[in-house]
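Novice: Quick note, the sequence shown lines up with residues 166 to 642 if you use this note's numbering.
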Amino acid sequence: MLVSAALLSVGHAQQFAVFPGMDGKQSVPVAKLNFTSTDYTDGANPQTVVVADFNKDGKLDLANVDYNGGGAGTVSVFLGNGDGTFKPKVDYAVGNGPDGIAAADVNGDGNLDLVVVNDTGNSVSVLLGNGDGTFQAPKDYPTGSYPHWTAVADFNGDKQPDLVVTNEGNDNVGIFLNNGDGTFKAMQTYPVSKEPFSVSVGDFNHDGKIDLAVTGYYYSVVCILLGNGDGRFQSCVDYPTGVAPGVVATADINQDGKLDLVTVNYSNGNAGSVSVLLGNGDGTFQTHIDSGVGTGPDGLAIGDFNGDGIPDLAVANLIGDSISVLLGKGDGTFQPHVDFPALKFPLGMGTGGFSHRGSGSGDIVVTNDLSATAIVFLNEAATKIGLKSAPNPSKKGQPIVFTATVKAALKGEETPTGTVTFKDGSKKLGTAKLVAGVAKFTTKKLGVGTHKITADYSGDGNFNPNQSPVLLQKVDP
């Protein structure tokens, strides 16, 4: 069975995704949603990808595992330049046939580490990060047979990241509890449905304890194991999905405060689907709701691609050599998919803001198994916002001019239009129209002290809403 990938949130793979509302702002319609793609040379048979800031420079980086035909594998790390481009990969040796990857600080030194499951090596490799984008030699731990996927969370309440892996050959999941120093105890296993492929984590019943969701590829189910909070889990309860689910991801899809599940369904290489199982908040889930995607889908990422604050989906269509983007409606359903061409056998999926610091215009990365390539899709609706003021500091009662500049994040795009709302914390100061990408607002009503000012861009028919970084405005007596 071919391997797939997903990423939910930046920084720590397999955490559940949360999306703030957009408060009525305009977003780019699906018909105008578009991406500019760039290819990067990758390792042999690249699979799962994770997005995080490995060198702590505020710019997102990429790391993916290279299966290498089941032989001695590697992790390829691409450090981001912050403008949507990436440096050439640097490879790190791991075990045989690496398949899944997660990122977390497992030893508490403030640096992100990598956790890799080695499918044909029957092991999990932990590579401690140096904090500069480089990684130490792996320490390996034995797993079950053909481990496919890994996730990281605190399963026993000691505030230390633990590991979970899916052992496809044994039809179980393995739990590795952290010793507190980035090393791990021997694996404890729990039976799940046949051919467990991927695992996602979250608190599905609101008891403050981490639970597991595991796809059962053979019987087309997702298995829920509720956590006891002491590192142990209750028996598996199955919920039907679409045909042959590969990746499962966790997010609040309908924004009701309860975690939901999304699976991407390979459908035996035919026209595929994604299944949404809405959570009831008590650890149970409703009947799956399906949306069509491309042919033989095998990778999944959850992000916000049109700036409306509602979770959207990106899917890698393994057989269709494309990616599908599905914009969310906010009720657990999605608009019809829009497809973008990829290279041969797209697999791993990740999302993040690679070309800008704003939110709501997620970019996408996909690995391509047979072409040994990673493709970065930059969101053409992304903007960059600059905010300045004069004078700063100012005197009480003195007029202050705030100037916001809104530009397309990608070169060659037109100038954004619309309005900018200036805020002091959550308090609205006023709104100004963009003229040639610039909006100005003047006020003399700020009190003495330091104010946290932001510029909130409305979006237009071509660009998504966005917000500037905070500007500290000091007002003296």
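Backbone N, C-alpha and C define an ideal beta-carbon position, used for all residues, glycine too. Bear in mind that the values here come from a model prediction, so they are computed numbers and not experimental data.
Mind checking whether T406 and S365 have CB atoms under 8 Å apart?
Specialist: no
Novice: In this structure, how does DSSP classify G334 when only helix, strand and coil are distinguished?
Specialist: helix
Novice: What residue from D278, S202, L198 has the CA that sits closest to V215's CA?
Specialist: It is D278.
Novice: Would you kindly report the start and end of the unbroken beta strand (DSSP E) that includes I418?
Specialist: Unbroken run through I418: none, as it is neither H nor E.
Novice: DSSP state of S310, grouped into three classes?
Specialist: coil
Novice: Alpha carbon to alpha carbon, how far is F243 from Y382? Give it in angstroms, no decimals.
Specialist: 31 Å
Novice: Do the segment 432-451 and the segment 572-591 meet, that is, are 3 or more Cβ pairs less than 8 Å apart?
Specialist: Result no; under three Cβ-Cβ pairs closer than 8 Å.
Novice: Cα separation between H616 and K605?
Specialist: 18 Å
Novice: Look at the alpha carbon of T354 and the alpha carbon of G339, and state the distance between them as a whole number of angstroms.
Specialist: 4 Å
Novice: By Cβ distance below 7 Å, which residues in the same chain neighbour E578 in space, the five residues on each side in sequence not counted?
Specialist: The answer, listed in chain order, is E545.
Novice: Can you find the residues in the same chain that come closer than 6 Å, C-beta to C-beta, to I484, ignoring five residues on each side of it along the sequence?
Specialist: G434, T460, G461
Novice: Going along the chain, which residues of its own chain have a beta-carbon closer than 6 Å to the beta-carbon of N627, five neighbours each way excluded?
Specialist: none
Novice: Grab me the residues of V291's own chain with a C-beta within less than 6 Å of its C-beta, minus the 5 sequence neighbours each way, in chain order.
Specialist: V280, K304
Novice: Let me check one thing: in DSSP terms, what residues is I375 bridge-paired to?
Specialist: Its beta-bridge partners do not exist; DSSP assigns none.
Novice: How many Å lie between G583 and G602 at the Cα?
Specialist: 9 Å
Novice: Go through its chain and collect everything with a Cβ distance to G515's Cβ below 6 Å, but skip five positions before and after it.
Specialist: L172, V214, V216, A466, V530
Novice: Shortest alpha-carbon distance to K609 belongs to which of P634, V635, K639, V585?
Specialist: K639
Novice: Specify the secondary structure class of G273 as computed by DSSP and reduced to three states.
Specialist: coil
Novice: Can you list, in chain order, the residues of its chain with a C-beta nearer than 7 Å to that of K350? Leave out the 5 residues immediately preceding and following it.
Specialist: F341, L342, N344
Novice: Nearest-angstrom Cα distance between G234 and A209?
Specialist: 8 Å
Novice: Measure from the C-beta of R397 to each C-beta in chain B and report whether the shortest distance is under 8 Å.
Specialist: Any reference to chain B falls outside this structure, which holds one protein chain only.
Novice: Helix, strand or coil for G551 per DSSP?
Specialist: Strand at G551.
Novice: So, helix, strand or coil for N629, using DSSP?
Specialist: coil
Novice: Given this structure, state the Cα-to-Cα distance separating D204 from L636, to the nearest angstrom.
Specialist: So the alpha carbons of these two residues sit roughly 36 Å apart.
Novice: Taking DSSP as the reference, what is the three-state secondary structure of G434?
Specialist: helix
Novice: Which residue from P356, S559, V585 puts its Cα closest to that of V389?
Specialist: Sequence inspection shows Ile at residue 389; the Val mentioned does not correspond to that position. The closest CA to that of I389, considering only P356, S559, V585, is found on P356.
Novice: Look at the alpha carbon of L594 and the alpha carbon of K560, and state the distance between them as a whole number of angstroms.
Specialist: 18 Å
Novice: Going by DSSP in three states, G298 sits in which element: helix, strand or coil?
Specialist: coil
Novice: Under 8 Å between the Cβ atoms of P307 and V282?
Specialist: no
Novice: Measuring CA to CA, which of N272, T315, D284 is closest to Q301?
Specialist: N272
Novice: Which partner residues does P356 have in the DSSP bridge list?
Specialist: Answer is N337, bridged to P356.
Novice: Using CA coordinates, which residue listed in G614, S526, F519, S536 is at the minimum distance from G562?
Specialist: Taking only the C-alpha atoms, the option nearest G562 is G614.
Novice: With a threshold of 16 other CB atoms inside 10 Å of the CB of P263, please say whether the residue is buried or exposed.
Specialist: buried
Novice: Using the beta-carbon count (16 or more within 10 Å), is V175 buried or exposed?
Specialist: The predicted position of V175 is uncertain, since its pLDDT is 27 and thus under 50; no value can be drawn from it.
Novice: Would you kindly work out how many angstroms separate the C-alpha atoms of G189 and G495, rounded to a whole number?
Specialist: Caution applies to G189, whose pLDDT of 47 falls short of 50 and renders its modelled position unreliable; the value that the coordinates give is listed next. About 13 Å.
Novice: Which two residues bound the contiguous beta strand (DSSP E) that contains D207?
Specialist: Here D207 belongs to no beta strand (DSSP E), and DSSP marks it neither H nor E.
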